[in-house]
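Written out below as structure tokens is the structure these notes cover.
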Amino acid sequence: MDKTARYEVLVLAVPEITQDETKDLEKQLEKVVQKEKGSIISFERWGKYKLAYPVRKKEYGVYFLARFTIPKNQAILNEITNVLSVKFETIVMRSAISALDNTTSLEYQRPRSLEEAPIATEGTFKDRRHKSYEQSDMSDNIGDLETSEDFGLGIDEQA
0 MDKTARYEVL VLAVPEITQD ETKDLEKQLE KVVQKEKGSI ISFERWGKYK
50 LAYPVRKKEY GVYFLARFTI PKNQAILNEI TNVLSVKFET IVMRSAISAL
100 DNTTSLEYQR PRSLEEAPIA TEGTFKDRRH KSYEQSDMSD NIGDLETSED
150 FGLGIDEQA
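For the sequence shown, the positions run 0 to 158 when numbering that gives the first Met the number 0 is used.
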């Protein structure tokens, strides 16, 4: 029975994170993992993404994915969580650690970040409005609007 396990930690950092802070984050993770006789498989900067909802009043965040092998021990995972949430509390907005199957391939399809997205140029967007919503048609339909009397609301206009 194998006594080591593979894990990954996905880190959501503030969008203003610097290269020095990134290197420090990587070094601290590596330090904790190596202290416990483990090894870092990879540490990747995924890039900047728009978040589905604000986190710490931020609309954007930078994702990092670190994969590592360590002995199976919950205390080590707790220490990694503490390092991310205490030492890097101003940088790390969220983090999640997941166990990986030792037989599964480490390849994955990373989503394209905002930094990698193509820049829109003039003329790339088409006007896709339906003809029924053009301004000339809108003015013709104003007379068709129903009044409150048509709905039988009984609103007294002599108030």
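All C-beta atoms in this analysis are idealised placements derived from N, C-alpha and C, irrespective of residue type, glycine included. Here the structure is a predicted model, which means the values were calculated and not measured.
DSSP places residue 112 outside both helix and strand once states are collapsed to three, so it counts as coil. Taking the C-beta atoms as reference points, residue 24 is found no nearer than 8 Å to residue 67. Taking residue 93 as the centre and dropping the five residues before and after it, the same chain places the C-beta of 11, 54 closer than 7 Å to its C-beta, in chain order.
Residue 91 sits buried, since 16 or more C-beta atoms from the chains shown fall within 10 Å of its C-beta.
For residue 47, DSSP records a beta bridge to 61.
Taking all protein chains in view, the Cβ of residue 28 is crowded by 16 or more other Cβ atoms within 10 Å, so the residue is classified as buried. Counting along the chain, the unbroken beta strand (DSSP E) around residue 3 starts and ends at 3 to 12. Secondary structure in the segment 70 to 108: the beta strand (DSSP E) runs of 3 residues or longer, each lying completely within the stretch, are 91 to 99 in chain order.
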